[in-house]
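Numbering (the working numbering), first residue to last: 120 to 269.
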């Protein structure tokens, strides 16, 4: 299987723009969008593509280097996590998929009590931290009342 036309992407990787490869990308995009909205492992995607399109004669054969082509296509995002590669779809002209590091459990925000008040920092506790504080408060209250009535 040969593809005649290609163009160079921003990272100097060839993106095959032949009609056949474009059809493969469109079919892969549709598969992911309709069946795997939260992403899919590369191996599983290839298997489903072959079952859905190749064996039924409904689409072109999936080339050996198909993953290289969707890595540079703007409508896909390929994320490697150790030995696992996941494929996600994104809208055209969307920014790249960015995974942010876990944030601190204390979410500190600034808020104003009134427009004239000075700016104060407000700490929002997680549900678990709030529950721990409530339990601690109840235990203190209960032990105080117990000692008070003795």
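For glycine and all other residues, C-beta sits at the position ideal for the given N, C-alpha and C.
Predicted model only: the values in this text are computed from it and were never measured.
DSSP three-state assignment for residue i, whether helix, strand or coil
{"i": "residue 254", "result": "helix"}
{"i": "residue 200", "result": "strand"}
{"i": "residue 246", "result": "helix"}
{"i": "residue 150", "result": "helix"}
{"i": "residue 190", "result": "helix"}
{"i": "residue 155", "result": "coil"}
{"i": "residue 136", "result": "coil"}
{"i": "residue 175", "result": "coil"}
Cβ neighbour criterion (16 or more within 10 Å) applied to residue i
{"i": "residue 279", "result": "Lying before the first or after the last residue shown, residue 279 is absent from the chain, which here runs from 120 to 269."}
{"i": "residue 126", "result": "In this prediction, residue 126 has a pLDDT of 44, which is less than 50 and means its spatial position is unreliable; nothing more can be read from the coordinates."}
{"i": "residue 200", "result": "exposed"}
{"i": "residue 254", "result": "exposed"}
{"i": "residue 172", "result": "buried"}
{"i": "residue 257", "result": "exposed"}
{"i": "residue 250", "result": "exposed"}
Contact belief for residue i with residue j at Cβ below 8 Å, rounded distance in angstroms
{"i": "residue 150", "j": "residue 168", "result": "6 Å"}
{"i": "residue 189", "j": "residue 147", "result": "6 Å"}
Residues bridged to residue i (per DSSP)
{"i": "residue 205", "result": "160 and 198"}
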